[in-house]
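Working notes, structure below.
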Amino acid sequence: MSMKNYMMRPTALALAMSLIAASLPVQAQQNNPSGTRRQPAVKPSTPVTLNFVNTDIEAVSRAISAALGKPILVDPRVKGTMTLTAEQPVPVQEAYLSYLASLRGLGFAMVDAGGLLKLVPEAEAKLQTGSVSIGTESRQRGDQIVTQIFKLNHENANNLVAVLRPLITPNNTINANPGNNSLVITDYAENLQRISRIVAALDQPSNTDIEVIPLRNAVASDVVQLVQRLSEGGSGVPGQPGGGGGATGGTSVLADPRSNSLIVRASNPAKLMQLRAMIAKLDQPGIDASNGNIRVIYLKNADAVRLATVLRAAFSANSAAAGGGSGSGGGNSTVGGLATGGSGNAGGGNSANGGFSGGNSSFSSGSSGSSSSSSSGSNASTQVSAAAQVNTGGFVQADPATNSLVITAPEPMYRQIRAVVEQLDSRRAQVYIEALVVKVDVSKVGQFGVQWQNLFGSVGIGTNYGSSYSNILNLTAATAVGVDSTSTVSIGGALASGALPQGLNLGVVKKIGNYLTLGAVANALEQLAGTNVLSTPSLVVQDNEEADMIIGRNVPLQTGNVATTTGSSTTTPFATYERRDVGLRLKVKTQVGENGTVRIKVYQENSSVVDGTSNNQGGATLDKSAVETSVTLEDGQVLVLGGMLKDEYSDGEDKVPGLGDIPLIGNLFKNQSRQRTKSNLMIFLRPVVLRTPENSNQITVDRYDAIRAYQQEVQPAKTLVLPNTGAPLIPEKPASSPILPTPPVLAPTQPASEPAR
Numbered sequence: 014m015s016m017k018n019y020m021m022r023p024t025a026l027a028l029a030m031s032l033i034a035a036s037l038p039v040q041a042q043q044n045n046p047s048g049t050r051r052q053p054a055v056k057p058s059t060p061v062t063l064n065f066v067n068t069d070i071e072a073v074s075r076a077i078s079a080a081l082g083k084p085i086l087v088d089p090r091v092k093g094t095m096t097l098t099a100e101q102p103v104p105v106q107e108a109y110l111s112y113l114a115s116l117r118g119l120g121f122a123m124v125d126a127g128g129l130l131k132l133v134p135e136a137e138a139k140l141q142t143g144s145v146s147i148g149t150e151s152r153q154r155g156d157q158i159v160t161q162i163f164k165l166n167h168e169n170a171n172n173l174v175a176v177l178r179p180l181i182t183p184n185n186t187i188n189a190n191p192g193n194n195s196l197v198i199t200d201y202a203e204n205l206q207r208i209s210r211i212v213a214a215l216d217q218p219s220n221t222d223i224e225v226i227p228l229r230n231a232v233a234s235d236v237v238q239l240v241q242r243l244s245e246g247g248s249g250v251p252g253q254p255g256g257g258g259g260a261t262g263g264t265s266v267l268a269d270p271r272s273n274s275l276i277v278r279a280s281n282p283a284k285l286m287q288l289r290a291m292i293a294k295l296d297q298p299g300i301d302a303s304n305g306n307i308r309v310i311y312l313k314n315a316d317a318v319r320l321a322t323v324l325r326a327a328f329s330a331n332s333a334a335a336g337g338g339s340g341s342g343g344g345n346s347t348v349g350g351l352a353t354g355g356s357g358n359a360g361g362g363n364s365a366n367g368g369f370s371g372g373n374s375s376f377s378s379g380s381s382g383s384s385s386s387s388s389s390g391s392n393a394s395t396q397v398s399a400a401a402q403v404n405t406g407g408f409v410q411a412d413p414a415t416n417s418l419v420i421t422a423p424e425p426m427y428r429q430i431r432a433v434v435e436q437l438d439s440r441r442a443q444v445y446i447e448a449l450v451v452k453v454d455v456s457k458v459g460q461f462g463v464q465w466q467n468l469f470g471s472v473g474i475g476t477n478y479g480s481s482y483s484n485i486l487n488l489t490a491a492t493a494v495g496v497d498s499t500s501t502v503s504i505g506g507a508l509a510s511g512a513l514p515q516g517l518n519l520g521v522v523k524k525i526g527n528y529l530t531l532g533a534v535a536n537a538l539e540q541l542a543g544t545n546v547l548s549t550p551s552l553v554v555q556d557n558e559e560a561d562m563i564i565g566r567n568v569p570l571q572t573g574n575v576a577t578t579t580g581s582s583t584t585t586p587f588a589t590y591e592r593r594d595v596g597l598r599l600k601v602k603t604q605v606g607e608n609g610t611v612r613i614k615v616y617q618e619n620s621s622v623v624d625g626t627s628n629n630q631g632g633a634t635l636d637k638s639a640v641e642t643s644v645t646l647e648d649g650q651v652l653v654l655g656g657m658l659k660d661e662y663s664d665g666e667d668k669v670p671g672l673g674d675i676p677l678i679g680n681l682f683k684n685q686s687r688q689r690t691k692s693n694l695m696i697f698l699r700p701v702v703l704r705t706p707e708n709s710n711q712i713t714v715d716r717y718d719a720i721r722a723y724q725q726e727v728q729p730a731k732t733l734v735l736p737n738t739g740a741p742l743i744p745e746k747p748a749s750s751p752i753l754p755t756p757p758v759l760a761p762t763q764p765a766s767e768p769a770r
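All residue numbers for the sequence shown refer to our numbering, where the first residue is 14 and numbers rise by one.
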């Protein structure tokens, strides 16, 4: 008898005796496995004795199955022995939990699939478990694999994945579902109870407090920068209304120019109290807080000269509307906290408390309220001309050198001006314009003809045609050269001096006296030509600005000349020329809407000098195609601006009347030509709005990599007979370095006596 069987018998006997004491015929159960489901289970409170030492896992599983009254299916991959003992009798449920703990240590797990217990390897348990619970409370215990779904109400599911993943056993899983902000965890039931308590503790409402702090003396957009810098090392970027401010460690500060207040969010009440105290210390009257303070606003994006003109016109119009009288009754009104009064029929205005005068845009700073203006209220709405933007008087002046505004105004009016400046001094979007010009030309030409002259002796009978190619008379004159011994001119040279037609030419040469002439010439030609031009100009333009790009040549075109005749010769002492840009031109002006649409005024031109016309007496001929239009596109949309499709056909026939109409033989008495030309031109446009530096950098890197790839394609090939000189190649742009390369340092010149290496 083997040691294994020897040890299994007393352990099985011990369990059997305990089950007999509980009035359960376990031995009969084991002898009749098919009747396992019909045997009653041991009562949970009935104690059993565990004494399995190095017993086969399958045998122990059968005994536990009998005690529970539930079938346990053992996976064929579950092999080995286990030890399960207890010094004192324990209830059946505790015996089952001890059994699961021992299996977990061996790398196996129990899964509940609809009331059927399955013992499988731990790595497979997460795929076979059928027990799924929802909520933060898990009713199951022990080392059984279960799946639990946690629906979060406050915390982000993706944030908790990183926190809980180290707490999950290696073979089990945790996943986040962003759609309904939930976690799906498959693990041991005992571990899920601990994770449930952690999730319940973390899924709590945010402790951050939000408070709106109105400012009485300071300007919100100024204070927000200081608060952000002082609170946990903020970046100091001023917060925009409705946008993100400086957020560090759960602390955010935003400025609301409309109400001149700060919106503060802190991670805890103590931090909020600290920020409130800091803001109270900063919200103090200035050293010179009297009316007529002079302040300087440094602009970040807008142009100071343009913005000053807009502000003077806007606030002058408000002052005029408030200061002008309304008929015979007069009237009083308030502009920006400054009371102004109208005085009746005259329409003049009186201003109090250092307000604007009713007649112009200058600022009057009297504190007694007795300042007045003699100008009419209607003149205040007149806009300041662009030529006088800097030198004119007024409460807003521009300093172009520092791109800043100098404002002279009391505190209430300054706050209004500052709020307008904050909204206008925003980063304008840029637009990357990419055009596509496609031109395809195809032409097909066919010619056939026969000419003859003096073919039958000296009889002057022949045919010649004044078509586009040379006729036989011109060719005969070119070949009429002497053939005596003193002649140095060859027939080939004579033919070369003429204008032979293109294609196949067959000629019959005959001699008349001492001269060679062409008796007949036949010409056949079939010509196929095509051009395919693709141009992709692109440029970047700021919103509401105009950009113009020209790629081509500046060629001289003769516009006139003066001819002088002296005797039998004519000379041209001087001529006048005009230089003109010829090539590809793209001119655009963009306007970006808030909804992402782009309105573009575009002018696109493609011009070139026709071949062979540069030296014409009347001047060169230009081939030009242009389109000028205004379109509206979505960001990134491709739109065809226009195009032209041209299909031309022409034919011609020169023949001898009557003879040319004879079938077959008539081809000897005529010349025929046919030509068909197709021309296709299309222009496409695509705008891409660049609102952030990241968008601009993405386009730049893409174009940079493309041009570098083109340079790599045209690098000289290595040969054995030529040195490898290389060709210019821009460096590969690192992620955190400037695009433009550093100029190379010239190497020192080698001494003449030292050979070059």
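Cβ coordinates follow ideal geometry from the N, Cα and C atoms, glycine included. All values derive from a computational prediction rather than experimental measurement.
Task: C-alpha gap between Gln711 and Asn567, whole angstroms - done: Locating residue 711 in the sequence shown gives position 698, counting from the first residue. Locating residue 567 in the sequence shown gives position 554, counting from the first residue. Taking the Cα positions, Gln711 is about 34 Å away from Asn567.
Task: Endpoints, the alpha helix (DSSP H) within which Arg117 is located - done: On the sequence shown, residue 117 is found 104 positions in, with the first residue counted as 1. Taken as a continuous stretch (DSSP letters only), the alpha helix (DSSP H) holding Arg117 covers Val105 to Gly118.
Open item on the list: Tell me the rounded alpha-carbon separation between Ser686 and Asn557.
Closed with: For the purposes of this step, residue 686 is taken as residue 673 along the sequence shown, with counting starting at 1. For the purposes of this step, residue 557 is taken as residue 544 along the sequence shown, with counting starting at 1. Their Cα atoms are separated by approximately 55 Å.
TODO: Indicate whether the contact test is met: 3 or more Cβ pairs, each with one atom in the stretch 688-698 and one in the stretch 438-445, closer than 8 Å.
DONE: Contact fails between the stretch 688-698 and the stretch 438-445, because fewer than three Cβ pairs, one in each stretch, are under 8 Å apart.
- [ ] Could you check if Asn166 is buried or exposed, using at least 16 other CB atoms within 10 Å of its CB as the buried criterion?
- [x] Against the sequence shown, residue 166 aligns to sequence position 153. Around the beta carbon of Asn166, fewer than 16 other beta carbons lie within 10 angstroms, which makes this residue exposed.
Task: Residue nearest to Asn194 in terms of C-alpha spacing, selected from Asn172, Arg592 and Leu312 - done: Within the sequence shown, the letter at position 181 stands for residue 194. That would be Asn172, whose Cα lies nearest to the Cα of Asn194.
Task: Status (buried if at least 16 other CB within 10 Å, exposed otherwise) for Pro89 - done: Taking the sequence shown and counting its residues from 1, the one referred to as residue 89 is at position 76. A residue is called buried once 16 or more other Cβ atoms fall within 10 Å of its Cβ, and Pro89, having fewer, is exposed.
Open item on the list: For Pro282 and Arg308, I'd like the C-alpha separation in whole angstroms.
Closed with: In the sequence shown, counting from the first residue as 1, residue 282 sits at position 269. In the sequence shown, counting from the first residue as 1, residue 308 sits at position 295. Going by the C-alpha atoms only, they are around 35 Å apart.
Open item on the list: Measuring only the C-alpha atoms, how far is Gly739 from Ala719?
Closed with: Position 726 of the sequence shown, counted from the start, is the residue given in the question as residue 739. Position 706 of the sequence shown, counted from the start, is the residue given in the question as residue 719. Straight-line Cα distance between these residues: approximately 19 Å.
Task: Ala34 (DSSP reduced to helix, strand or coil) - done: Here the question's residue 34 lines up with position 21 in the sequence shown. Residue confidence is low: Ala34 scores 37 on pLDDT, short of 50, so the model does not pin down where it sits. Its coordinate-derived value is still stated next. In the structure shown, the three-state DSSP call for Ala34 is helix.
Task: Spatially closest choice to Leu694 from Met562, Val450 and Gly459, by CA coordinates - done: If you number the sequence shown from 1, residue 694 lands on position 681. When the alpha-carbon of Leu694 is set against those of Met562, Val450 and Gly459, the nearest one is in Val450.
Task: Counted within 10 angstroms of its Cβ, other Cβ atoms place Phe587 as buried (16 or more) or exposed - done: Mapped onto the sequence shown, residue 587 falls at position 574. Taking all protein chains shown into account, Phe587 has fewer than 16 neighbouring C-beta atoms within 10 Å of its C-beta and is therefore exposed.
Open item on the list: Just to confirm, is the Cβ distance from Thr645 to Thr610 under 7 Å?
Closed with: Residue 645 sits at position 632 when you count from the first residue of the sequence shown. Residue 610 sits at position 597 when you count from the first residue of the sequence shown. In this structure, Thr610 lies closer than 7 Å to Thr645 by Cβ.
Task: N-terminal and C-terminal residue of the alpha helix (DSSP H) that Pro706 is part of - done: For the purposes of this step, residue 706 is identified with residue 693 of the sequence shown, where counting begins at 1. Run containing Pro706: Pro706 to Glu726, per the alpha helix (DSSP H) assignment.
TODO: From the DSSP output, in three-state form, read off Ser146 for me.
DONE: Position 133 of the sequence shown, counted from the first residue, corresponds to residue 146. In the three-state reduction of the DSSP assignment, Ser146 falls in the strand class, which pools E and B.
Task: Cβ pair Val601, Ile446 closer than 7 Å - done: Counted from its first residue, the sequence shown places residue 601 at position 588. Counted from its first residue, the sequence shown places residue 446 at position 433. Taking 7 Å as the Cβ cut-off, Val601 and Ile446 qualify as a contacting pair.
Open item on the list: Buried or exposed for Gln540, going by 16 or more other Cβ atoms inside 10 Å?
Closed with: Along the sequence shown, read from residue 1 onward, the residue named residue 540 stands at position 527. Exposed: under 16 other Cβ atoms inside 10 Å.
TODO: Can you tell me which of the three DSSP states Ser663 falls into?
DONE: Here residue 663 corresponds to residue number 650 of the sequence shown, with the count starting at 1. Ser663 falls in the strand class under three-state DSSP.
Task: Continuous alpha helix (DSSP H) assignments of at least 4 residues falling wholly in the stretch 414-467 - done: Whole alpha helix (DSSP H) segments, 4+ residues: 424-437.
Task: Opposing strand residues paired with Pro744 [DSSP bridges] - done: The sequence position of residue 744 within the sequence shown is 731, counting from 1. Answer is none; Pro744 lacks a bridge partner.
TODO: To the nearest angstrom, report how far apart Ala76 and Phe65 are at their CA atoms.
DONE: Taking the sequence shown and counting its residues from 1, one reaches residue 76 at position 63. Taking the sequence shown and counting its residues from 1, one reaches residue 65 at position 52. Each residue's alpha carbon lies about 10 Å from the other.
Task: Where Leu26 falls, given that 16 or more other Cβ within 10 Å makes a residue buried - done: For this step, residue 26 is matched to residue 13 along the sequence shown. Per-residue confidence for Leu26 stands at a pLDDT of 37, beneath the threshold of 50, marking its modelled position as unreliable; the derived number appears in the next sentence. The residue is exposed, with fewer than 16 neighbouring Cβ atoms inside 10 Å.
Open item on the list: So Ser146 and Gln157 are supposed to be a Cβ contact under 8 Å. How far apart are they, rounded?
Closed with: As a position in the sequence shown, residue 146 is number 133, starting the count at 1. As a position in the sequence shown, residue 157 is number 144, starting the count at 1. Taking C-beta atoms under 8 Å as the contact rule, Ser146 and Gln157 fail to qualify, at a distance of about 12 Å.
- [ ] Would you list the residues sitting across from Ser195 in a DSSP beta bridge?
- [x] Along the sequence shown, read from residue 1 onward, the residue named residue 195 stands at position 182. In the DSSP secondary-structure assignment, Ser195 is bridged to Lys164 and Asn190.
Task: Extent of the continuous beta strand (DSSP E) run through Val277 - done: Against the sequence shown, residue 277 aligns to sequence position 264. Ser274 to Ala279 is the span of the beta strand (DSSP E), which, as asked, contains Val277.
- [ ] Within 10 angstroms of the Cβ of Ile430, are there 16 or more other Cβ atoms? Answer buried if so, exposed if not.
- [x] Numbered from 1 along the sequence shown, position 417 holds the residue referred to as residue 430. Burial call: buried.
- [ ] Less than 8 Å between the CB atoms is what I'm expecting for Gln9 and Asn536, so what's the real figure, rounded?
- [x] No statement about residue 9 is possible, as the shown extent of the chain runs from 14 to 770 and does not include it.
Task: Own chain partners of Gly543 with C-beta closer than 8 Å, once the 5 adjacent residues on each side are dropped - done: Here residue 543 corresponds to residue number 530 of the sequence shown, with the count starting at 1. Here the set comprises Val453, Asp454, Val455 and Ser456.
Task: Contact under 7 Å by Cβ, Glu618 with Ala639 - done: In the sequence shown, the residue the question calls residue 618 occupies position 605. In the sequence shown, the residue the question calls residue 639 occupies position 626. Their beta carbons are under 7 Å apart, which means Glu618 touches Ala639 by this criterion.
Task: C-alpha distance - Pro134 paired with Leu97, whole-angstrom precision - done: Taking the sequence shown and counting its residues from 1, one reaches residue 134 at position 121. Taking the sequence shown and counting its residues from 1, one reaches residue 97 at position 84. The alpha-carbon separation between Pro134 and Leu97 amounts to approximately 19 Å.
Open item on the list: Along the chain, where does the alpha helix (DSSP H) containing Asp412 start, and where does it finish?
Closed with: The residue labelled residue 412 in the question sits at position 399 within the sequence shown. No alpha helix (DSSP H) holds Asp412; the beta strand (DSSP E) holding it covers Val409 to Asp412.
Task: Contact under 7 Å by Cβ, Val702 with Ala448 - done: Residue numbering aside, residue 702 sits at position 689 when the sequence shown is read from its first letter. Residue numbering aside, residue 448 sits at position 435 when the sequence shown is read from its first letter. No, they are not a contact pair.
TODO: May I ask which residues mark the beginning and end of the alpha helix (DSSP H) holding Leu173?
DONE: What you label residue 173 is simply residue 160 of the sequence shown in a count that begins at 1. Start and end: Ala170 to Leu177.
Task: Cα-Cα separation, Val622 to Val595 - done: In the sequence shown, the residue the question calls residue 622 occupies position 609. In the sequence shown, the residue the question calls residue 595 occupies position 582. For Val622 and Val595, the distance between alpha carbons rounds to 7 Å.
TODO: Measure the alpha-carbon distance for Ala359 versus Lys614 and round it to whole angstroms.
DONE: As a first step, residue 359 must be located in the sequence shown, where it is residue number 346. As a first step, residue 614 must be located in the sequence shown, where it is residue number 601. Confidence in Ala359 is poor, its pLDDT being 36 and thus under 50, which makes the residue's placement too unreliable to answer from.
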